[in-house]
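Residue numbers (full-length UniProt numbering): 1 to 346. The structure appears right after this line, and notes come after that.
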């Protein structure tokens, strides 16, 4: 609305001069919303008579004497129309300004949201990249875990196989141990039995040893030699009754009835009245023979006595070891002084 229009609008009424000035100042300031909210416009909208609506003439107004009624009505109608138009324009402008402000706020909000969205998108991209990395790490961890599990399963299978083999081996060893225990028990029992048998054999061997020694005419070579020397001294101490010498032999008969034959090599044979014979050999050996055919021979160099009975059984006494051998029917048994017995020939 121009200044001329305002002058025409408010010229007829002195009461509105101050209001004209106020509205002009608001319009000059460009504040459309201030015009709409001005008490002048509000008062005019409330107090302007509307003949079209109530069908009566408007209330009489204080008029200056220079204005007539028709002109005042026309000017009032025009004033109302101008105010309505201005009010509609101001409202439209205010709505547009409000829409613009709201649009600006929306744009700013959109820009802010877009910035936030961009930031969120960057974060989403970073999160997706991190997720891909984590997925790769998880896949690698799964792969390593599977490899570890496979290795562990292989180890478990190997351990189970070894355990089963060890169990089989353990059962075999336990069976072998039980067998060895049985054998050890049997061996211990057998050993005990053999020990008892051996003890008994030693006792029997000692008894047999004693019997064999008793079977010998003399228990030692020294006893045999002492006995022979004693018999020769007893039977050949008298004077010689007859002496004969033939073929390098010298025969002598004694008063006791004993005889002796001396050989050129130094050996001497004595024959007693009982039929027993003694032979002293040049090398120190000594032999005695009984009428029933039994014979005892002493090997002087080794101190061994050999007695041959009339039935052919032979007994050897080895003075160096104390062993006694019994020869009978091709069986040779050797006895030690402690009773040990060995069969060396059958």
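Where is the CB? At the ideal position from N, CA and C, for every residue including glycine. Since the structure is predicted, the reported quantities are computational estimates derived from the model, not experimental observations.
- For residue 163, the enclosing alpha helix (DSSP H) has its first and last residue at 69–215.
- Following the DSSP letters along the chain, one finds residue 218 in no beta strand (DSSP E), marked with neither H nor E.
- Inter-residue distance for residue 279 and residue 302 is about 18 Å (C-alpha atoms, whole angstroms).
- With fewer than 16 neighbouring CB atoms inside 10 Å of its own CB, residue 163 falls in the exposed class.
- For residue 219 and residue 245, the gap between their C-alpha atoms comes out near 37 Å.
- Note that the C-beta distance between residue 217 and residue 304 is not below 9 Å.
- The three-state reading of DSSP puts residue 325 in strand, counting E and B together.
- Here residue 275 is exposed, its C-beta having fewer than 16 other C-beta atoms within 10 Å.
- Non-local beta-carbon contacts of residue 273 in its own chain, meaning distances under 8 Å to residues more than five positions away in sequence, involve 235, 256, 257, 258 in chain order.
- Out of 232, 267, 247, 264, the CA that lies nearest to the CA of residue 253 is found in 232.
- Contact annotation, residue 202 with residue 340: C-beta distance approximately 7 Å; criterion of less than 8 Å satisfied.
- A residue is called buried once 16 or more other Cβ atoms fall within 10 Å of its Cβ, and residue 205 is buried on that count.
- Per DSSP, the unbroken beta strand (DSSP E) holding residue 317 starts and ends at 314–318.
- In chain order, 302, 303 place their CB closer than 7 Å to the CB of residue 320, counting only its own chain and leaving out the 5 sequence neighbours on each side.
- The segment 291–302 and the segment 180–200 do not touch, with fewer than 3 CB-CB distances between them shorter than 8 Å.
- A Cβ-Cβ separation of about 16 Å leaves residue 317 out of contact with residue 228 under the 8 Å criterion.
- For residue 259, the enclosing beta strand (DSSP E) stretches over residues 259–263.
- Taking 3 residues as the minimum length, the beta strand (DSSP E) runs contained wholly in the segment 264–315 are 268–271, 277–280, 286–289, 295–299, 304–308, in order along the chain.
- Taking C-beta atoms as the reference points, residue 281 and residue 264 fail to come closer than 9 Å.
- C-alpha of residue 291 to C-alpha of residue 191: approximately 49 Å in a straight line.
- In terms of Cα proximity to residue 207, the closest of 344, 338, 165 is 338.
- If you ignore the 5 residues before and after residue 327, its C-beta comes within less than 7 Å of the C-beta of 313, 314, all in its own chain and listed in chain order.
- One Cα belongs to residue 158, the other to residue 133, and the distance between them is close to 36 Å.
- For residue 330, there is no enclosing beta strand (DSSP E), as DSSP marks it with neither H nor E.
- Ranked by Cα distance from residue 300, the options 331, 223, 81 are led by 223.
- Here the C-alpha atom of residue 343 lies approximately 17 Å from the C-alpha atom of residue 322.
- With a threshold of 16 other beta carbon atoms within 10 Å, residue 90 meets it and is buried.
- Its chain contains 261, 262, 263, 264 as the residues whose beta carbon lies nearer than 8 Å to that of residue 249, once the 5 sequence neighbours on both sides are disregarded; these appear in chain order.
- Around the beta carbon of residue 168, fewer than 16 other beta carbons sit within 10 angstroms, so the residue counts as exposed.
- Counting every other CB atom within 10 Å of its CB across the protein chains shown gives residue 144 a total below 16, marking it as exposed.
- Here the C-alpha atom of residue 141 lies approximately 16 Å from the C-alpha atom of residue 130.
- For residue 235, DSSP records no beta bridge to any residue.
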